[in-house]
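**Q** Numbering (my numbering), first residue to last: 1 to 588.
Right, here's the structure in full:
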């Protein structure tokens, strides 16, 4: 019997129990063809992660567990699935069942094939597992599965030992398994069924978690991680195996397939790409081998590559899983819409992207020319729809209100007229409109409700402005490598950012320079620093307080924004829970 294990790096669709079961069965077949004697899925693989309030439906839980247990496979497979509650007054479990040939023994659950139940339930940031699951109190062990004995953990169960949880849990599943080892329980390896969401440089953290576990346990630690996108959460894959001596092998990011690992030989690990027609396949398909002194951190260039692949994956999977085949966006000639167009073209194909330039009386000719250039370079469907006649018609109707009121109302009117045009195209064509705003502008309310915020998805919504510029340079570099024209021309890259809603308007008329703004926002949103701590980094305290106050005053806009792919440690959306009606006079 070989010591080869197939880590199934799966891209499930939430709720698609039959479809997900077929994906698992296909990957298991590929694992077997490549010599694996056992396969491991990702966390809640049968139903997709995160299933959210689907978990409140008992029939969903029961059917998930039944389908997971009855997969049509020729290998023993440890499958992530919800597990039915013990009685009607308790919550279900996040668990693992054994599917396929069962020559081994489970953890005392009789013939139910239940192997393990998750012990540590994360309830912070984007996680809310205590709402849905009951925590178990014992670690799982799968004996003589494919001729091997495994410790079995589920995602967060492994993070406590490495000190990577926000606060300490009362139990530590890794230490629990290690104690069994000290008492004479011999295991071939410990596996971790994971749905660990992506953020920039997340792989290095998983490497640390896995190395810590392998060292404590004294045997290989295997982590099978979900890949793809579900709503706003991204999963980069990068399944891995770590040995006690610190060696690590990592699967590709943004690829669906099988990492076949040899428990005895790191050099004998290899990647098998999924042969499914709709499998995700973005970026490089190369596996990584890390020596014990390599911490897994990537350089700045690779981190930008990672961000680009992440947002493309986010939009691509959102469209595929929602049955959306084409998208529409406004193309202004500015940096944000140009990069959003690059993302859209990569995600759904340029022939499925409609870009519309909508000049107003305040638009410059170079902006119209730049928009046309980007559309042509990418091969998008492009049209120009002037809005001045619409603008005059509305002004003739409510001009007395606009003249006597806040001038911002007239500026926002233009953004809302453009939204009518974009949404009209999207509805008529059966497409989805995408919004083109970035995190910096959304943080400051530098966006218009029912205007440029209109759309079903915001692909740049968790990218700071300077990151958008970095992606522009990257998409240009990729185009040159492919022998194509750069999609973002020099004019778009170098012109001062402007919404062009008033004569000679520039973003910096009302906002700090973007490098300063981004630095303040990142320090507060992602690092959790208060105003005085941020000022100690070298920022002017007056500017810091103005930025943070604007952030809070515009929470109502972010509650109404469309989903944006999460690429940072803390993004607007389900992991950002600030009040709408609030005061912040305490900040001074």
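Backbone N, C-alpha and C fix where the C-beta goes; we use that ideal spot for every residue, glycine too.
Can the beta-carbon of residue 315 be found closer than 8 Å to that of residue 344?
**A** To locate residue 315, count along the chain shown from 1; it is residue 315. To locate residue 344, count along the chain shown from 1; it is residue 344. Their beta carbons are under 8 Å apart, which means residue 315 touches residue 344 by this criterion.
**Q** Rounded to the nearest angstrom, what separates residue 111 and residue 65 at their Cα positions?
**A** The sequence position of residue 111 within the chain shown is 111, counting from 1. The sequence position of residue 65 within the chain shown is 65, counting from 1. The predicted model places residue 111 with a pLDDT of 41, which falls under 50 and marks its position as unreliable; any figure quoted below should be read in that light. Computed Cα separation, rounded: 14 Å.
**Q** Quick one: complete alpha helix (DSSP H) runs, 4+ long, within the segment 31-97?
**A** Here the runs fully enclosed are 58-69.
**Q** Could you tell me which residues DSSP pairs with residue 591 in its beta bridges?
**A** Past the boundaries of the shown model lies residue 591; the chain is included only from 1 to 588, so the question cannot be answered.
**Q** Roughly how many angstroms lie between the CA atoms of residue 243 and residue 460, to the nearest whole one?
**A** Sequence index remark: in the chain shown, residue 243 carries index 243 (1-based). Sequence index remark: in the chain shown, residue 460 carries index 460 (1-based). Rounded to whole angstroms, residue 243 to residue 460 spans 38 Å at the Cα level.
**Q** Around the C-beta of residue 206, are 16 or more other C-beta atoms found within 10 angstroms, so that it is buried, or is it exposed?
**A** On the chain shown, residue 206 is found 206 positions in, with the first residue counted as 1. Buried: at least 16 other Cβ atoms inside 10 Å.
**Q** Is there a C-beta anywhere in chain B that falls below 8 Å from the one on residue 463?
**A** No chain B is part of this structure, which consists of one protein chain only.
**Q** Using a 10 Å radius around the Cβ and a threshold of 16 neighbouring Cβ atoms, would you call residue 323 buried or exposed?
**A** Within the chain shown, residue 323 is the residue found at index 323, counting from 1. With fewer than 16 Cβ atoms within 10 Å of its Cβ, residue 323 is classed as exposed.
**Q** Spatial neighbours of residue 176 within its chain, please: CB distance less than 6 Å, with the 5 preceding and 5 following residues excluded, ordered by chain position.
**A** To locate residue 176, count along the chain shown from 1; it is residue 176. Excluding residues within five positions, the ones whose Cβ falls inside 6 Å are 139.
**Q** Does the separation of the CB atoms of residue 287 and residue 252 fall below 8 Å?
**A** Sequence index remark: in the chain shown, residue 287 carries index 287 (1-based). Sequence index remark: in the chain shown, residue 252 carries index 252 (1-based). Yes.
**Q** Considering only the alpha carbon of each residue, which of 45, 18, 551, 217 lies closest to residue 246?
**A** Walking along the chain shown from the start, residue 246 turns up at place 246. Closest option to residue 246, Cα to Cα, is 217.
**Q** Residue 136: which of 291, 396, 91, 32 sits nearest, CA to CA?
**A** Along the chain shown, one-based indexing puts residue 136 at 136. It is 91 whose Cα lies nearest to the Cα of residue 136.
**Q** Can we say the segment 54-64 touches the segment 33-40, given the rule of at least three CB pairs closer than 8 Å?
**A** The segment 54-64 is not in contact with the segment 33-40.
**Q** CA-CA distance, residue 267 and residue 297?
**A** The residue you call residue 267 lines up with position 267 of the chain shown. The residue you call residue 297 lines up with position 297 of the chain shown. Roughly 21 Å separates the two Cα atoms.
**Q** With 16 other CB atoms within 10 Å as the buried threshold, where does residue 318 fall?
**A** Stepping through the chain shown from its first residue, residue 318 is reached at position 318. Label assigned to residue 318: buried.
**Q** Output needed for residue 484: all residues of its chain with C-beta closer than 8 Å, excluding positions within five of it in sequence on either side, in chain order.
**A** The residue given as residue 484 occupies position 484 in the chain shown. Excluding sequence neighbours, residue 484 sits near 377.
**Q** So, residue 7 versus residue 248, is the Cβ gap smaller than 8 Å?
**A** Position 7 of the chain shown, counting from 1, holds the residue named residue 7. Position 248 of the chain shown, counting from 1, holds the residue named residue 248. No, the pair does not count as a contact, with Cβ atoms beyond the cut-off.
**Q** Roughly how many whole angstroms lie between the Cα atoms of residue 497 and residue 508?
**A** Mapped onto the chain shown, residue 497 falls at position 497. Mapped onto the chain shown, residue 508 falls at position 508. The straight-line gap from Cα to Cα measures roughly 8 Å.
**Q** Helix, strand or coil for residue 110 per DSSP?
**A** Here residue 110 refers to the residue found at position 110 when the chain shown is read from its first residue. In this predicted model, residue 110 has a pLDDT of only 38, less than 50, meaning its place in the structure is not dependable; the value taken from the coordinates is given anyway. Coil, per DSSP.
**Q** With a threshold of 8 Å, are at least 3 pairs of Cβ atoms found where one atom belongs to the segment 437-455 and the other to the segment 471-482?
**A** Counting Cβ pairs under 8 Å, fewer than three are found: no touch.
**Q** Which of the three DSSP states is assigned to residue 325 in this structure?
**A** Residue 325 sits at position 325 when you count from the first residue of the chain shown. Residue state, collapsed to three classes: coil.
**Q** Can you tell me whether residue 105 is helix, strand or coil according to DSSP?
**A** Within the chain shown, numbered from 1, the residue matching residue 105 stands at position 105. At residue 105 the pLDDT is 43, less than 50, meaning the model places this residue with poor confidence; the figure from the coordinates comes in the next sentence. In the structure shown, residue 105 sits in a strand (DSSP, three-state: E or B).
**Q** Compute the Euclidean distance between the alpha carbons of residue 104 and residue 71, then round it to the nearest angstrom.
**A** In the chain shown, counting from the first residue as 1, residue 104 sits at position 104. In the chain shown, counting from the first residue as 1, residue 71 sits at position 71. The pLDDT assigned to residue 104 is 42, lower than 50, so where the model puts this residue is not dependable, and the model offers no usable value.
**Q** On a Cα-Cα basis, can you pick out the residue from 51, 95, 302, 155 that is closest to residue 12?
**A** Locating residue 12 in the chain shown gives position 12, counting from the first residue. Closest option to residue 12, Cα to Cα, is 51.
**Q** Report the option in 31, 54, 9 whose CA atom is closest to the CA atom of residue 16.
**A** By 1-based counting over the chain shown, the position of residue 16 is 16. Closest option to residue 16, Cα to Cα, is 54.
**Q** Just verifying my parser: in three-state terms, what is the DSSP assignment at residue 149?
**A** Locating residue 149 in the chain shown gives position 149, where the first residue counts as 1. Residue state, collapsed to three classes: strand.
**Q** So, for residue 284: in the same chain, excluding its five sequence neighbours on each side, which residues have a beta-carbon less than 7 Å away from its beta-carbon?
**A** Here residue 284 refers to the residue found at position 284 when the chain shown is read from its first residue. 252, listed in sequence order.
**Q** Alpha helix (DSSP H) containing residue 549: first to last residue?
**A** Residue numbering aside, residue 549 sits at position 549 when the chain shown is read from its first letter. That run of the alpha helix (DSSP H) goes 541-553.
**Q** Between which two residues does the alpha helix (DSSP H) containing residue 412 stretch?
**A** Counting from one through the chain shown, the residue named residue 412 turns up at place 412. Unbroken alpha helix (DSSP H) run through residue 412: 407-429.
**Q** Extract the residue ranges of the alpha helix (DSSP H) inside the segment 286-362, only unbroken runs of 4 or more that lie entirely within it.
**A** If we require 4 residues or more, the alpha helix (DSSP H) runs fully inside the segment 286-362 come out as 300-322, 335-348.
**Q** Note down the Cα distance separating residue 240 from residue 391, rounded to an integer number of angstroms.
**A** The residue given as residue 240 occupies position 240 in the chain shown. The residue given as residue 391 occupies position 391 in the chain shown. Between residue 240 and residue 391, the C-alpha separation is close to 56 Å.
**Q** Are residue 174 and residue 213 closer than 8 Å when you measure CB to CB?
**A** Within the chain shown, residue 174 is the residue found at index 174, counting from 1. Within the chain shown, residue 213 is the residue found at index 213, counting from 1. Contact: yes.
**Q** Tell me the residue span of the beta strand (DSSP E) that contains residue 258.
**A** If you number the chain shown from 1, residue 258 lands on position 258. Residues 257-262.
**Q** For residue 276 and residue 374, I'd like the C-alpha separation in whole angstroms.
**A** Counting from one through the chain shown, the residue named residue 276 turns up at place 276. Counting from one through the chain shown, the residue named residue 374 turns up at place 374. Looking at the two C-alpha atoms, the distance is approximately 33 Å.
**Q** Given this structure, state the Cα-to-Cα distance separating residue 371 from residue 161, to the nearest angstrom.
**A** Your numbering for residue 371 matches position 371 in the chain shown. Your numbering for residue 161 matches position 161 in the chain shown. Their backbone Cα atoms lie some 52 Å apart in a straight line.
**Q** Would you check if the segment 147-162 and the segment 183-191 touch, i.e. whether three or more CB-CB distances between them fall below 8 Å?
**A** At 8 Å Cβ cutoff, the stretches touch.
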